[in-house]
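When we follow the numbering used here, the leftmost residue of the sequence shown carries the number 15, and every step to the right adds one.
All residues carry an ideal CB built from backbone N, CA and C; glycine is no exception.
Inspection log for the structure reproduced underneath, given as structure tokens.
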Amino acid sequence: MHPESFLYRLHFQSQAVIPSDWEVDWEDAPLPYKLYKELPSFLLDHHIPLNPSPLGRRKLEGAEWIGHFLWFAYGLTQFAHTATPADSEEKTSTSFPSLRRFAPSGGGLYPSELYLYVKETPFAQGVYHYDAAHHRLVLIREGNFDDYITKTLGLRLDVSSCKAVCFITTVYWKNFFKYHNFSFRLQGLDAGAVISQTEETARQFGLHSHVHLSFLHKAADHLLGLNRLEETTLGILALSEQEIPAATGKEELTGASLIEEIPAVQTTCYQRSKHIKPHQDILQLHEAAVLSSSSLFRTNASVPQQEKYGKDIYPLSESRATTSSFRDACMNRCSPEGDFIDRSMDAGKIAALLKQSTLPDVSSISIYLCINGTDRIDAGAYEYDPASHSLLTIEKGDFRQMLQSGMTMHNVPLHHTPLCIHVAGARNVDAGGYRMQLIHAGRVMQRILLAASALGMNGHPLLGFHVPIPDSIYQLDIRKQTTLIQIPIGYHTPKSRLSGVLHA
């Protein structure tokens, strides 16, 4: 199938991309983390201080800062047993175990992996995989790769000035085994959530992060020793102690020429699944998104600015709403699902939440929201304008029943949530543009979720909804936009879950 035709069905007719006879083989499910075999590994510090700030009152160095940083960014942080209520045929409820991280993942499958290039460590300089299962670094490639990574980024950042570089990848099979072709949307969103969590962790550690989604994909995959039929790089974050001005690379570079500069590395992994089913459509989409030359890099400058709605404007206050620490926001974040309760939300909290949710470096993503049961703001559909920190009225009214009717699974009671946020992007994009929008939407999603948690609430990200419904509410067709994810937010009762924190 042509990529554009497939993308249309994936986005607007998502049920059509999953075979009607598709059955999930849970007995042959892959692990939610990647395990390398027979490579040098280095255990990281397990004594994670649960201070309000991960940095605490002292500066961390060497393996200590890496261990603490990676645990907050993408470590296994909780082991949980979640109870599910009994249905009409069952007399008792059931429970299932799960490993959780601070960044959310569709179905708790965590297709993303994190790799780290570090120079100042007690162990060898080089490229490592973060083995979350054992909280250790596994050496993939030893050496100095400042020049290679700088070229991979199209000469737009001098990596020699960086403290470390993170690579966020996606392993196709880790969520394809459950969601089939629908997994492509989740892979982009999941990667964005990990990128956003890593960004905020870096900020807590006093580091600057430089996010790159346009880079030479094959060169990055080659550096990490990835099998491109199984895994590919979706994002790169350069971390530095000082702000590094962005540069404009004038020299055209290609991935084909760059991979000739360093030899290939061969690795073997264990993922538990014995039978991996073909996922050709996913491979074709990711291949269509590959940037083979730096001349093809996408910039935000090329994104046309949308005309704002000209109806009633609600200026939002510079809220002084009480928020919890980063640590507490991470620890308390959860997806309430059916546990939302009907409770109104203060307008100041909406202002505080939206203020923390936008991406200053991305103009292609917009935030829309349906509000109900909030003081000083009429029920209705709005666009958030970050430049003026205000809500622009699209249409007044209660849209909760309309949104509820559009859900493919009625596992979240939207009539109990005073706020439902929709993250939107451009409607007509190619495979690369669509994947990039999903990643940006995932970044916004995680910022929203952390902000909601810090304000004493939580959000539940949803992809199981009929996209044309929110598109029609916000009149997105005339703006050539479409909804990428739906996030109801509100107060909730504690989840029926027994959980324990994984740290020493």
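By the DSSP assignment, the alpha helix (DSSP H) with residue i in it spans what residues?
| i | result |
| --- | --- |
| Val458 | Ala445 to Ala468 |
| Gly394 | No alpha helix (DSSP H) contains Gly394, which is instead part of the beta strand (DSSP E) from Gly394 to Asp399. |
| Lys133 | Unbroken run through Lys133: none, as it is neither H nor E. |
| Asp161 | Asp160 to Thr166 |
| Ser19 | Pro17 to Phe26 |
For residue i, is the classification buried or exposed, using 16 other Cβ atoms within 10 angstroms of its Cβ as the cut-off for buried?
| i | result |
| --- | --- |
| Met459 | buried |
| Met13 | Any property of residue 13 remains undetermined from this structure, which presents the chain solely from 15 to 518. |
| Pro502 | buried |
| Arg217 | exposed |
| Ile492 | exposed |
| Asn425 | exposed |
| Asn195 | buried |
| Asn189 | buried |
| Glu75 | exposed |
| Lys527 | It is not possible to answer for residue 527, since the shown part of the chain is limited to 15 through 518. |
| Pro46 | buried |
| Thr507 | exposed |
| Pro350 | buried |
| Asp161 | exposed |
| Ser34 | exposed |
| His226 | buried |
| Gly411 | exposed |
| Ala146 | buried |
What do you reckon, are the CB atoms on residue i and residue j nearer than 8 Å?
| i | j | result |
| --- | --- | --- |
| Val185 | Glu244 | yes |
| Pro44 | Ser287 | yes |
| Leu221 | Glu255 | yes |
| Ala343 | Gly446 | no |
| Ile250 | Val179 | yes |
| Ala87 | Thr215 | yes |
| Ala468 | Thr337 | yes |
| Ala234 | Thr166 | yes |
| Ala365 | Ser402 | no |
| Ile408 | Ala393 | no |
| Asp295 | Phe20 | yes |
| Ile453 | Ile209 | yes |
| Lys509 | Cys283 | no |
| Leu498 | Ala466 | no |
| Arg199 | Leu476 | no |
Span of the beta strand (DSSP E) holding residue i?
| i | result |
| --- | --- |
| Pro350 | First-last for Pro350: undefined, no H or E at that position. |
| Thr247 | Glu245 to Ser254 |
| Gln495 | Gln495 to Gly504 |
| Lys410 | Ser404 to Lys410 |
| Tyr142 | Gly140 to Asp145 |
To which residues of the same chain is residue i closer than 6 Å at the C-beta, ignoring the five residues directly before and after it?
| i | result |
| --- | --- |
| Gly122 | Ser112 |
| Ser380 | Ala438 |
| Lys494 | Arg441 |
| Ser513 | Gln92 and Ala94 |
| Gly239 | Ile154, Val279 and Thr281 |
| Leu151 | Phe56 and Tyr142 |
| Pro54 | Leu153 |
| Leu368 | Tyr398 |
Might you give, ordered along the chain, the residues of its own chain that have their beta carbon closer than 8 Å to the beta carbon of residue i, omitting 5 neighbours on each side?
| i | result |
| --- | --- |
| Ala77 | Phe56, Leu58, Asp59, Thr135, Pro136 and Phe137 |
| Ser309 | Glu266 |
| Gly168 | Ser228, Phe229, Leu230, Gly263, Leu267, Ser308 and Phe311 |
| Leu417 | Cys384, Leu428, Cys434, Phe479, Ile483, Pro484, Ile487 and Gln500 |
| His289 | Asp39 and Asp42 |
| Lys192 | Val38, Ala43, Gly121 and Leu123 |
What residues in its chain sit with their C-beta under 7 Å from that of residue i, if we drop five residues either side in the sequence?
| i | result |
| --- | --- |
| Gly516 | The sequence shown places Leu at residue 516, not Gly. Answer for Leu516: Leu90, Thr91, Gln92 and Phe93, listed in chain order. |
| Thr431 | Phe354, Pro502, Ile503 and Gly504 |
| Arg23 | Ala30 and Val31 |
field: Given 8 Å, three or more beta-carbon pairs between the stretch 386 to 401 and the stretch 352 to 365
entry: The answer is yes - the stretch 352 to 365 touches the stretch 386 to 401, with three or more Cβ pairs under 8 Å.
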